[in-house]
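Heads up: the sequence shown runs through residues 24 to 127, numbered per this note's numbering.
In what follows, a structure is listed as C-alpha cells, so that the remarks can point back to it.
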Amino acid sequence: MIALLRMTAGLIVWAIAFCALYGLSGIGCAAGWASARAIGGLSVHHAAMLAAWLACIAAASGVCVALRRHGDSMIDKTSWTLAVVGLLATIVTGLPIVLVPTCL
C-alpha cells in the first residue's frame, strides 16, 4: 500500500493543485479580487493565484526530492518518474495564470 501511495504522490499533488487553482480562480472572480490592487501593481486575485501556484510547485518539487532519495528498485524509479510528471503537469496547469488575464 505504501508503494502505491509513493507511486501516485506526485499526481495527487497535481490534482490538489488543479482543484485549488480552479477553485481560487472562481472565488476570486466572484468576489471581485481582480479589481483590487496588491503589491507591485498585481491584482489581489493574480497575486493569490501566483502564490498558490508557486506553493503547489514547491510541494510537487518536494515530492520529487523525497522520492529521489529512495532505492533503485523498479517501484522507486516509477515513483520518481510519476512525481516528475506530476511536477510538470502542475507547472503546465498553472501557466495560464502567467499568460492569460484573470476573470475574462
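Virtual Cβ for every residue (Gly too), placed ideally from N, Cα, C.
Assign residue i to one of three DSSP states: helix, strand, or coil.
{"i": "R92", "result": "coil"}
State the CB to CB distance for the pair residue i and residue j, rounded to an integer number of angstroms; the pair is presumed to be in contact (CB under 8 Å).
{"i": "A23", "j": "A61", "result": "Residue 23 lies beyond the stretch modelled for the chain, which goes from 24 to 127, so this question has no answer here."}
{"i": "G117", "j": "W76", "result": "4 Å"}
{"i": "S102", "j": "L90", "result": "5 Å"}
{"i": "G33", "j": "C87", "result": "7 Å"}
Where does the unbroken alpha helix (DSSP H) through residue i begin, and where does it stop?
{"i": "I25", "result": "25 to 54"}
{"i": "A106", "result": "97 to 122"}
Out of the options, which has the shortest C-alpha to C-alpha gap to residue i?
{"i": "V123", "options": "S48, D99, V36, A78", "result": "S48"}
{"i": "V121", "options": "I25, V67, L73, M30", "result": "L73"}
{"i": "A83", "options": "A26, Y45, I25, T31", "result": "T31"}
{"i": "R29", "options": "T125, I114, D99", "result": "D99"}
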